[in-house]
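Worksheet for the structure shown next.
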Amino acid sequence: MEHYFPYPEMRIFQNESIDLILKGGSVGKNVVFEAATGFGKTTCVLSALLPLADIKGKKIVYCCRTHKQMDRVIDELKTISQTHPVSGISLRGRREMCLHPTVKNHAMDTASALYLCRLLKSVNRCTYHARFKENQEEIYELERALSSRPSYSTEMLELCTEREICPYDFVKEVVKDVDVVACSYMYMFHPAIRETFMEMIGCYMEDMYVVLDEAHNLPDLAIRLGSATLSTISLRAAQKEASEYDEPDILLLLQLVEQVMDELAQKYEVEDEVLLSYIELIGRLPGTEQRLLELLEYTRKVGEEIQKDRLRKGSPPRSFIHGCACFLISWLEVKEREDYCYLIKRFFTRQGHPALRLEIVDLDPRNISTQVLAHAYSSVSMSGTLSPLPAYAEVVGLQNCEMKSFPTPFQKSNIFVAAVKGVTTKGAFRSQDMYRKLVSRVCEVIENTPGNTGVFTASYEVLNGLLSAGFKMVCSKDLFMEKKEYSSRQNDQLVSAFKTSARGDGAVLLGVMGGRNAEGEDFPGNEMNAVVLVGIPYAQPTASIEAQV
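Quick note on numbering: the sequence shown equals residues 62 to 610 in my numbering.
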């Protein structure tokens, strides 16, 4: 079968990977393959799936972790479009695609942005949505132009900002007609977001080729999406809310839940986290489970009304009562299931105050992953780190698979790996003296590497340990540091400035393994000539990890 490979020559093994995808994708099988960074996986996948999708009338949904990865999909589509008429669009998260200040300032993630967006529309408080409906003629011409070619999400956002129309409404019209949608994993794997996304792109799951870029991230993502938390901080905020809105029954329930959390923390002398049974929370609350469920459903509805009331008053439409109710309903819903566990944890707030948190932990990624992978027409999972492939397939619930691991296309003589003796990030040895030794070894690499160096730590704790040992002061090159609080745009600017430094004396990019700069980014030439890994990010041997094992 024809493929759309756009370059004059193929690298070694690229043809084999395309054949693998064509073979599996043509008959609705799932494909799992492993290939090194720099192999050209994105090009190969698109080259194989585009003609298949055209013949079978399917849409390609390409799931990525970062915006850079999404933009790379559009880069490759633009190259392919020079010889074949293909179209595509990259989607940012709902929060970043919204111009309304309420969503931009108060949505914490894509799911809460979606909720706030619906709320604003339901009470006619979104002028961008109204303006979109009023200017259909001009918008239609823009939609036609953009749906016929590959387009970045930033292009859409700029067009909509200029016209003060809703970017999300605009994208909804464009996305129905394109061949490829590059988006965050959240669009497909978050149950509430997926429902809206499916409606938006106008096709059923069985009409999709789903691509999972950096697929090794899916198990952890699925576990996070299937889990939930409730802290004493949220409970106290909800109690204040219940008093404000004169809801004595809700207030009493929330006070009892906080009291039970305190009792459990004392009983188990909680320092980190402790496994609980379902009944340890529910059994300490008065009344039958049925009566409790009825009260919680009432509490959730009250929370929804509070959100609407606050929105009408021009306040942030947030309800802690609503969040508490949703968590406690979930606690009831997953009882007696072996693939979930309950935890109580002690933690410290940003101000250093002690607090408690209840958690419902989904132990099996398949509870989330199979909602997509079991119903899509075909999927392609790819990464540089998936071995052993059958284990990955089992963990995420993939069946009916074609699998292959491709050797690295690069000469071994081009890759030098060194392990440094006499230093460690093991918890018991994390002292200032050890961090100073680590800083010394890291700086040795930086000083002897021309151009740029990447330094990635096992955790933020280790990163902060390097900083406390004077890393900034003794580093001989400009330091660019990844920060949790950075927006995607700020992080893009950081990485761009780091890359530009390669033309001069070079610089250092400091980040965390598993962070947004540790994978999915290309650093050709002198943009990163050496990488220092400080520690190995093993999971902590906590109660939840033991339960998962």
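Glycine included, every Cβ here is placed at the ideal spot set by N, Cα and C.
Distance between beta carbons of Asp238 and Lys119, contact taken as under 8 Å: Sequence index remark: in the sequence shown, residue 119 carries index 58 (1-based). Sequence index remark: in the sequence shown, residue 238 carries index 177 (1-based). With a Cβ gap of about 14 Å, Lys119 and Asp238 do not count as contacting.
Threshold first: 4 residues or longer. Then list the alpha helix (DSSP H) segments lying entirely within the region 337–386, N to C. 339–343 and 350–373
Note down, one range per segment and in chain order, each beta strand (DSSP E) of at least 3 residues found wholly within the region 180–208.
-> none
Please go through the same chain and pick out, in chain order, the residues whose beta-carbon is closer than 7 Å to the beta-carbon of Val395, but skip the five residues on each side of it. As a position in the sequence shown, residue 395 is number 334, starting the count at 1. Excluding sequence neighbours, Val395 sits near Tyr401 and Ile421.
inquiry  = If distances are taken between C-alpha atoms only, which option among Tyr547, Gln432, Asp494 and Leu447 comes closest to His251?
reply    = Within the sequence shown, residue 251 is the residue found at index 190, counting from 1. Answer by Cα proximity: Gln432.
_Residue ranges of each beta strand (DSSP E) within the region 265–337, 3 or longer_ = 269–273, 289–292 and 334–337
Discussion item. Please report the straight-line C-alpha distance between Phe467 and Leu152, rounded to a whole angstrom.
Written reply: Residue 467 sits at position 406 when you count from the first residue of the sequence shown. Residue 152 sits at position 91 when you count from the first residue of the sequence shown. Rounded to the nearest angstrom, the two C-alpha atoms are 30 Å apart.
Q) Counting along the chain, where does the beta strand (DSSP E) carrying Ile73 start and finish? A) To locate residue 73, count along the sequence shown from 1; it is residue 12. Where Ile73 is concerned, there is no enclosing beta strand (DSSP E), given that its DSSP letter is neither H nor E.
**Request:** Would you check if the distance between the CB atom of Arg133 and the CB atom of Thr103 is smaller than 8 Å?
**Result:** Looking up residue 133 in the sequence shown gives position 72. Looking up residue 103 in the sequence shown gives position 42. It is a contact, given that the beta carbons lie within the stated cut-off.
Taking the continuous beta strand (DSSP E) assigned at Lys560, which residues delimit it? Mapped onto the sequence shown, residue 560 falls at position 499. Lys560 -> not in any beta strand (DSSP E); alpha helix (DSSP H) instead, spanning Ser549 to Thr561.
What's the C-alpha gap between Glu275 and Pro451? Reading the sequence shown from its first residue, position 214 is the one you call residue 275. Reading the sequence shown from its first residue, position 390 is the one you call residue 451. C-alpha separation (whole angstroms): 16 Å.
Could you have a look at Pro211 and say whether DSSP puts it in helix, strand or coil? As a first step, residue 211 must be located in the sequence shown, where it is residue number 150. Note: Pro211 maps to strand in three-state DSSP.
Rounded to the nearest angstrom, what separates Thr140 and Tyr270 at their Cα positions? As a position in the sequence shown, residue 140 is number 79, starting the count at 1. As a position in the sequence shown, residue 270 is number 209, starting the count at 1. Going by the C-alpha atoms only, they are around 21 Å apart.
If the criterion is Cβ atoms closer than 8 Å, does the pair Ala289 and Ser391 meet it? Here residue 289 corresponds to residue number 228 of the sequence shown, with the count starting at 1. Here residue 391 corresponds to residue number 330 of the sequence shown, with the count starting at 1. Going by C-beta atoms, Ala289 is nearer than 8 Å to Ser391.
request  = Tell me, to the nearest whole angstrom, how far the beta carbon of Gly586 is from that of Lys129; I am working on the premise that it is less than 8 Å.
outcome  = Counting from one through the sequence shown, the residue named residue 586 turns up at place 525. Counting from one through the sequence shown, the residue named residue 129 turns up at place 68. The pair is not a contact, with the Cβ atoms about 17 Å apart (cut-off 8 Å).
_Completely contained beta strand (DSSP E) runs for the region 386–411, where each covers 3 or more residues_ = 401–409
Notebook entry, point to check: Are Ala303 and Leu312 closer than 8 Å when you measure CB to CB?
Noted result: The count along the sequence shown starts at 1 and reaches residue 303 at position 242. The count along the sequence shown starts at 1 and reaches residue 312 at position 251. It is a contact, given that the beta carbons lie within the stated cut-off.
Would you check if the distance between the CB atom of Val272 and the CB atom of Tyr123 is smaller than 8 Å? Translated into the one-based positions of the sequence shown, residue 272 becomes position 211. Translated into the one-based positions of the sequence shown, residue 123 becomes position 62. Against a cut-off of 8 Å, the Cβ pair of Tyr123 and Val272 comes out as a contact.
- Message: Residues in the same chain with beta-carbon distance under 8 Å from Leu393, minus the five sequence neighbours each way, listed in chain order, please.
- Response: Here residue 393 is taken as the residue at index 332 of the sequence shown, counted from 1. Around Leu393: Ile343, Glu350, Leu353, Leu354 and Leu357.
query = The alpha helix (DSSP H) with Asn428 in it runs from where to where?
reply = As a working mapping, residue 428 is identified with position 367 in the sequence shown. Taken as a continuous stretch (DSSP letters only), the alpha helix (DSSP H) holding Asn428 covers Arg427 to Leu434.
Quiz item: Under 8 Å between the Cβ atoms of Tyr453 and Val93?
Solution: Within the sequence shown, residue 453 is the residue found at index 392, counting from 1. Within the sequence shown, residue 93 is the residue found at index 32, counting from 1. Yes; because the gap between Cβ atoms is below 8 Å, this pair is in contact.
Query raised in the report: beta strand (DSSP E) containing Ala579: first to last residue?
Result: Here residue 579 refers to the residue found at position 518 when the sequence shown is read from its first residue. Segment: none, Ala579 is in no beta strand (DSSP E) and carries neither H nor E.
#### Entry: Residue span of the beta strand (DSSP E) that contains Tyr248, given as start and end
On the sequence shown, position 187 is the one that residue 248 refers to. Here Tyr248 belongs to no beta strand (DSSP E); instead the alpha helix (DSSP H) covers Tyr246 to Phe250.
Do Val506 and Thr514 count as a contact pair if the criterion is CB distance below 8 Å? Position 453 of the sequence shown, counted from the first residue, corresponds to residue 514. Position 445 of the sequence shown, counted from the first residue, corresponds to residue 506. Taking 8 Å as the Cβ cut-off, Thr514 and Val506 qualify as a contacting pair.
query: In terms of residues, what are the limits of the beta strand (DSSP E) holding Leu121?
result: Residue mapping note: residue 121 aligns to position 60 of the sequence shown, counting from 1. The amino acid at residue 121 is misidentified as Leu; the sequence shows Ile. From DSSP, the beta strand (DSSP E) with Ile121 extends over Lys120 to Cys125.
**Identity of the residue in Pro598, Gly458 and Tyr68 nearest Gln143 by Cα** = One-based indexing of the sequence shown puts residue 143 at position 82. Answer by Cα proximity: Tyr68.
* To do: For His161, count neighbouring C-beta atoms within 10 Å of its own C-beta (all shown protein chains included) and say buried if the count is 16 or more, exposed if not.
  => Position 100 of the sequence shown holds residue 161. The residue is buried, with at least 16 neighbouring Cβ atoms inside 10 Å.
Residues near Ser108 by beta carbon distance below 8 Å, same chain, minus five either side: As a working mapping, residue 108 is identified with position 47 in the sequence shown. So the qualifying residues of the chain are His64, Tyr65, Phe66, Pro67, Ile79 and Ile141.
Taking 8 Å as the cut-off, decide whether the C-beta atoms of Ser545 and Val569 are in contact. Walking along the sequence shown from the start, residue 545 turns up at place 484. Walking along the sequence shown from the start, residue 569 turns up at place 508. Checking the displayed sequence, the identity of residue 545 turns out to be Lys instead of Ser. No.
### Query
Taking buried to mean at least 16 other C-beta atoms within 10 Å of its own C-beta, is Thr561 buried or exposed?
Residue 561 sits at position 500 when you count from the first residue of the sequence shown. Burial call: exposed.
- Given a cut-off of 8 Å, decide if Asn91 and Leu447 are closer than it, judged by their beta-carbon atoms. As a first step, residue 447 is located in the sequence shown; it is residue number 386 there, counting from the start. As a first step, residue 91 is located in the sequence shown; it is residue number 30 there, counting from the start. Against a cut-off of 8 Å, the Cβ pair of Asn91 and Leu447 comes out as no contact.
query = Quick check: the region 212–228 against the region 177–196, are there 3 or more CB pairs under 8 Å?
reply = yes
Checklist entry - In terms of alpha-carbon separation, which member of Asp310, Ser295, Tyr521 and Arg255 lies closest to Leu286? => result Locating residue 286 in the sequence shown gives position 225, where the first residue counts as 1. Per the Cα distances, Arg255.
Exposure label - Ser430; buried when at least 16 CB within 10 Å: As a first step, residue 430 is located in the sequence shown; it is residue number 369 there, counting from the start. So Ser430 ends up on the buried side.
**Study point:** For Glu234, the first and last residue of its enclosing beta strand (DSSP E)
**Key:** By one-based count along the sequence shown, residue 234 stands at place 173. From DSSP, Glu234 is part of no beta strand (DSSP E) but of the alpha helix (DSSP H) over Pro228 to Val236.
Status (buried if at least 16 other CB within 10 Å, exposed otherwise) for Lys482
As a working note, residue 482 is residue 421 in the sequence shown. Label assigned to Lys482: exposed.
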